[in-house]
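At position 13 of the sequence shown the residue is numbered 1284 (the working numbering), and the sequence of numbers has no breaks. Even for Gly, the Cβ is constructed at its ideal location relative to N, Cα and C. Contents: one structure, followed by commentary.
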Amino acid sequence: MPHVNDRARLKQYLALMSVPQHVLRAAMVNGRIELDTKDAGQQRFQALLWDLLFSSGRSHPWDHRGGRSFRELAGYYEWVMPGPNQLTIQVSVAPRVAHYLLPTTATYADGSHVHFGVPGLRIERVSARAVHLLHLPTQGRLELRESHHGTVRLMHSRLRWETGSDETPENLTFWHTSGLTDAEESASPHWAPTPCTPLRSGLMVRASTWWRHWPHTAEIVPARRSNTTRCLTWRKGPSCAEVGDLLVNSAIRITDAVHGSDPDGLDVSVLRLGPAAIELARTS
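Given below as structure tokens:
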């Protein structure tokens, strides 16, 4: 990532990431902002989050909790800022978003089960303005932060309130345990490393651009091209060429990513990083 040594570049970061200036400056190391973590576990967790938060409708097998779908949680988000070992998302109601993500499992008489929320996700700690979550299998971390200051006691109280009927003594204990259940272990293909993991992780840390600047119509649908793993499609906003240019040429570019437009002139393109590729498509 280029050195942030002038006001114009800093202004571009602020505009595209929608992050307050003091947060952006605090993330700088020797004047440099690194959006993409080198931590393999954090990458896997962020790739998993991208799959969840941009999933189409309730297409994801863990998206069964009542109320909002995973993708509809975007209404609570204000900005996203990555760190070396943590992803921070500022939200309007941290305990509520945490409730949608924290896992429960329903087990049936035949031994089958259904996950609600993210298997392996636990409460690492609660602070005065944030709920800190840890994904045990990847050791990836997510901070759900609020803009206003409260107290630790109040945040705990609000978390208990938001979890509502899910807050049994067993769940409260479970969300602080350090081990995985057999049912959670069975979900491991969702966070297993793949060639596409770094690219999906990179798209997750740049999610503010979708959530804050364009109507949140972007969603993941099955890949159409044989050489891509997923298709990210949207109905409103910029063209594929504009999105591709943003992701490979702007201040928030994904390092080493390459974008190729459709030669037939359709509003479809491919974003590549190493051996991985994701199709981009704007629909009418």
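Residues sharing a beta bridge with residue i, DSSP
i     : result
F1387 : T1375
L1551 : L1503, S1540
L1392 : H1406
With 16 other Cβ atoms within 10 Å as the buried cut-off, status of residue i
i     : result
S1363 : exposed
T1448 : exposed
Y1348 : buried
R1506 : exposed
R1400 : buried
S1555 : exposed
G1346 : exposed
V1368 : buried
L1373 : buried
Same chain, Cβ closer than 6 Å to residue i, five either side skipped, listed in chain order
i     : result
V1290 : W1350, M1352
R1483 : S1289
R1471 : A1318, W1321
A1478 : V1351
V1519 : A1528, H1530
is_contact[residue i, chain B] using C-beta, thresh 8 Å
i     : result
D1538 : Although the question refers to chain B, the structure presented lacks it and comprises just one protein chain.
Rounded distance between the beta-carbons of residue j and residue i, thought under 8 Å
i     : j     : result
L1306 : V1476 : 5 Å
Q1314 : P1460 : Contact flag wrong, Cβ pair sits at about 16 Å.
Closest Cα partner of residue i within the set the options
i     : options                    : result
A1552 : P1509, D1527, T1444        : P1509
L1503 : I1523, D1527, D1538, R1524 : D1538
H1420 : V1397, I1304, P1355        : V1397
G1382 : L1323, P1390, S1457, L1392 : S1457
M1299 : T1378, G1328, G1354, L1405 : G1354
E1490 : L1285, R1339, E1343        : E1343
L1405 : T1375, L1358, E1433        : L1358
Residues near residue i by beta carbon distance below 7 Å, same chain, minus five either side
i     : result
R1495 : C1502, E1550
M1272 : Any answer about M1272 is weak, because its pLDDT of 47 lies below 50 and its placement is not dependable; what the coordinates show is given next. So the qualifying residues of the chain are R1303, I1304, E1305, L1306, T1526.
L1285 : Q1292, L1295
Sequence-distant residues of the same chain with beta carbon closer than 8 Å to residue i, five excluded per side
i     : result
N1356 : T1308, D1310, Q1313, R1412
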